Structures are given as structure tokens and as C-alpha cells.
Amino acid sequence: MATPSPAKPTGTAEAGAATTGSLALLLTASTGCAMTVLDTNVVGVVLPTISAQLHASFADVQWVIGAYVLCFAALLLPAGSIADRFGRRRVFLCGIAGFALASLACGLAPTAQWLYLARAAQGVGAAFLLAPALAIIGHGFHEKEARARAWGLWGAVMGLTMVLSPLIGGIIGDTLGWRWAFHVNAPICAALAFAVVRIVPESKAEVQRPVDVPGIALFASAMFCVTWAFIVGPAQGWSSPGILLRIAAGVVLFVIFAKVERARQHPMLDLSLFRSWPFAGATLAMFSYAACAQVMASLLPQFLQNARGESVLGAGVAMLPFALAMLLLPQVGKRLAARLPSYRILVIGLGLTGVGNVAMSYVSSQGIAHSGLPLMLAMFVLGSGGGLLNGETQKAIMGTIARERAGMASGISTTFRFSGILLGYTALGAVLTAGVHRSVATAVPQVLRTAQVNGLHDVATRLDFADAISAGDFAQALHLYPPALATPLLDAGRMAYRHGFSGAFLAAGAFAFLCAFAVQMSMGRAAQPEALANAN
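This is the structure we're talking about:
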């Protein structure tokens, strides 16, 4: 008797299996991308606790964020090229392993210096985690509708992560301590690596681009010099030889970078694209979005904890108006896109970002930071501007260039985004600490005079007090003076921090308005002849 042959799967069953496999691949790659967002936002929430427990200086606090973003921004494009050459799954697994090991090193850091060195390594791991994950999604979904659905789900995962990460950071910081904000990455990475091995097939690019080593080195060095100047400038003085030398070195390195990139056949960044005014305007909008809105995911938790006195968990909850607006407004942007040209949505988004920052500056400067409603409204407006830009900037950039240049344009967009976060964070930090020092110079002598305390008016102690307040280490600041002065000095310190942040928010708002005008001029002028041609 013949053994019946096994039934072949029907077309529907094959399609269902393929859909399930594609969904698993998409969720796996999206989880890798979400890890970078989760880590950035969680660390932002616990950063004041890190500063206090490690007695970090303000420069140390800046480097904890800056070292990570600098390495991330410099290596993201080359990581994509390396993944295309040596295999996307292989490089993805290497990135996961590197990110996990660096996260463990961050959690074990005994000093602030150890921490920001480990954060630099974590930024390297993040670049080699994000770039191949994006390439895996791009390679796995070819058809137009499938690709649109895939990127839509990817965007939903990233948006949900952005909303939940402040809460997750608050819960971790409040219950387990700041070290677990890093340690938690290890088991997640282990599960992710297991899923990658089981689900993600290996793939390589048919046409492999060489890695632009000179371009990478020059770009990273230039960014490092400028970042270094922003971080140590407030302490050393902006006119000091060391700061001027760092700024000059950064400018010279950027000029050399531009010349080298123009001469290379396969540059890291094809600067010829900037000859197009619409492309330049859209890229500026991306940079401004990152520097004035996205950067607030790291700055707002510091404001909420150090200026308002919120707990770690309280700061995570208070971030919800900003985070929800960042999640919801891209959907509004999609509807606006049916009625308005892209550049107008960018201008509206930058305008809202400017208004939100100015509103935050007002709330902070008026000393009504404890009034919940004005603060919530200001954060929602700020997040709304960021949400519109988050959904539109990438689309605007890709819409200004020919399809065959899409890969390079996407790389430039990503590089400008993270460069904006880095320079925005360090520049606004410099404005913050300058404002704190100005306020402390007036407030502390007033406290001492009111308390009729003599012999404690030396400038060195006051500068140390201002440095500790800038870093968010209020306990260290209060130890510099007698315990009897703790309450009025704490009030003076929080007031100084509010005034410093008021200046930082105002600077961010002014830059957003300036960029809105520049985007209108560059993209709007280019759109007018096209509109006239279509009308005729």
C-alpha cells in the first residue's frame, strides 16, 4: 500500500507563513532600532541622579550624552557600508554584542570619567546596531505597499518607545537605581540576538561602496573639537586661548573635510547635493528639529528634576505631554501634507518649536515652574512642533533629490540629525551654565547678607556652588556652606537653575525661528517657479 505523500501547502498557507516571517523580521529589526531611542531617553531621565551620586562636574554630565552621540553620529554611515559589505545580520549581531557589553561597563562605572568613556563605546555599538537594522528592513520589503506598511510599523514602534521610555526610565531610576538603566540593556540584547539568529537571513549589497576612512576621521575630529569647546567653554572662558584653539581647529578640520569629500569618488557625504536650495533647506530643518526639539528628551528631565525638584519617576510622568505630542503630531502632519507643500509644514513645525521653547522660557523665568498647567501646555506645544518635524523632515529631504541619490540623501539626513542633537545639547548646556553662574553671583551674596553671615563671601566658593548647581548636584553645593543656610541656598540654587534654563529655552526658540525663516526663503523660493509652471 502506497504511503500518501504529504499535502503541499496551499497558496494561502504560503502567503500566511511569509507574512508571519516578514512580521517577525520587521519586529526584530525594529526592536534593534528602538533600543537606541530607549537608551537615549532613559539615560536622560536618570542623568541628574548619576550626576549627584558620582559627584560629576557639569562638563562630565555633558560628556555622558555627548560622547555617546558623537560616536553614534560619526560611525552611523560607515556602519551601514560595513554591513552591506560583510553581511547585515553578522554586523547586526556584532552591534548588539558591543552595545550590551558597553552597557554593562556603563552600569559598573565607578567614576564619571569611566562612564563617559563607556558611553563612547556604547555609541559605537549603537551605530552598528541601528545601521544594519535599517538595512535589513529596507532589503526585506521591496514592493511599494509592503515597504510603506513596514516603515509605518517601524515608525509606530519608535514612537511608542519614545512615549514609554521616560516612564521606563523613571520607574527604573526610582526603584532599581541609575545603574540598571544601563544593565537592563543586557538581557534585552540577549533576547534580540537570539531572535536575529533564528529569524533574520544574511544579506549583502550587490554593489559595495568603499568606506571613506579619511572622511570619517576628519568629520569625527571636527565635531569633537567643537563639542569640546562648547562643553569646557563656560568654565575656561570663551576668550581663553584653549577654547579659541579648539574652535579654530574644528573650523579648519571642517574645511579640510569639505575639500576631501569633494575630491573623493565615493565620499561619506556628497556635498554637491547642497547646491540644491530645497535640499539645503530641508536638511537645515532636520538639524534644527534635532537641536531645538529632539534634544529636549535629554534636557527636559534635568529641568524637571533640578528646577522643579521632581523625583526621577515624577519627571518621567511629567514628560508625557511632550512625548505624546511627539507621537501624535506626525499623524496630523500626514493630513496637512494633502493640503500644504512640504516646506510650509516644516515652517509651521519650526514655528511651533520656537513658540514652545519661548513658552518654556517664560514659565521658567517667572518662577511658576510648580504650576502644572502652564508647564504642561508649553511642553505640549514644544512636542507638537517636534512631532510635525519628525514626520516631515525626512520626507522633505527625500522629495528634493533624484531617486538614485536617495541612499546618500538619507545618510546626510541621519548625520545632520545626530549632529544637531550633539551640538544642540552642548550649546544649550553652555547657555544654561552661564545663566546659572550669573544668577548665583547675585543670589548667594543676598542669602549671606540676609542671614548676616560674614567670612563666606569668597568668589571661589561661590563658583564651586554654581558649578555644582549646573551639574544638578545640589547636595554637594549645599555642603559648601553652613547647614543653617541649606534652605535659602537650595531655593537660590533652584532659582538659578530655572534662570539658566530660561536662557537655554530662549536660545533654542530663537534658533528655531531663525531656521524657519531660512527654510521659508530657501525652499519657498524654489517652490514658487514650480507652482507658476504648474498653473500655466
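Per our numbering, the sequence shown starts with residue -15, numbered consecutively. Using N, Cα and C, we set each Cβ at its ideal position, and we do this for glycine too. Since the model is a prediction, treat every value here as computed from it, not as a measurement.
Using 10 angstroms around the beta-carbon of residue i, count the other beta-carbons present and answer buried if the total reaches 16, otherwise exposed.
i	result
G0	Reliability of the predicted coordinates at G0 is poor, the pLDDT of 45 falling under 50, and the value obtained from them is presented with this limitation in mind. So G0 counts as exposed.
E186	exposed
M303	buried
P116	buried
A13	buried
D23	buried
H483	buried
P62	buried
F501	exposed
H126	exposed
M207	buried
D475	exposed
G136	exposed
P150	buried
Q436	exposed
L357	exposed
Q106	buried
M505	exposed
Q97	exposed
Which of the three DSSP states, helix, strand or coil, is assigned to residue i?
i	result
K379	helix
W222	coil
Q436	coil
R133	helix
V141	helix
Q46	helix
D23	helix
I385	coil
G529	No information on residue 529 is available, as it lies outside the stretch -15 to 520 that the chain covers here.
W261	helix
M303	coil
G370	helix
H421	helix
V431	helix
P325	coil
H463	coil
A40	coil
V279	coil
D448	helix
Q350	coil
G413	helix
G338	helix
L160	coil
G16	helix
D457	coil
V609	Residue numbering for the chain in the displayed model covers -15 to 520; residue 609 lies beyond these limits and cannot be assessed.
**Request:** Only counting runs of 3 or more residues, tell me where the beta strand (DSSP E) segments fall wholly within the stretch 179 to 251, in order along the chain.
**Result:** none
**Message:** Give the list of continuous alpha helix (DSSP H) stretches no shorter than 4 residues that lie fully inside the stretch 72 to 126.
**Reply:** 72 to 91, 96 to 124
**Message:** Across the stretch 126 to 146 and the stretch 32 to 51, are there enough close Cβ pairs to call them in contact, namely three or more that are closer than 8 Å?
**Reply:** no
**Request:** Tell me, please, whether the stretch 448 to 461 touches the stretch 279 to 295 by the rule of three or more beta-carbon pairs shorter than 8 Å.
**Result:** yes
**Cβ contact (3+ pairs, closer than 8 Å) linking the stretch 264 to 278 and the stretch 236 to 256** = no
**Message:** Tell me whether the stretch 53 to 61 and the stretch 411 to 424 touch, counting them as touching only if at least three CB pairs, one residue from each stretch, are closer than 8 Å.
**Reply:** no
**Message:** When you compare the stretch 467 to 481 with the stretch 415 to 427, are there three or more beta-carbon pairs, one atom per stretch, that lie closer than 8 Å?
**Reply:** yes
**Item:** Contact between the stretch 27 to 40 and the stretch 77 to 86 (3+ Cβ pairs under 8 Å)
**Value:** no
**Message:** Three or more C-beta pairs under 8 Å: does that hold for the stretch 389 to 405 against the stretch 333 to 346?
**Reply:** no
**Message:** Under 8 Å, with one C-beta from each stretch per pair, do the stretch 64 to 80 and the stretch 169 to 183 reach the 3-pair mark?
**Reply:** yes
**Message:** Check whether the stretch 487 to 496 and the stretch 319 to 329 are in contact - that is, three or more C-beta pairs closer than 8 Å.
**Reply:** no
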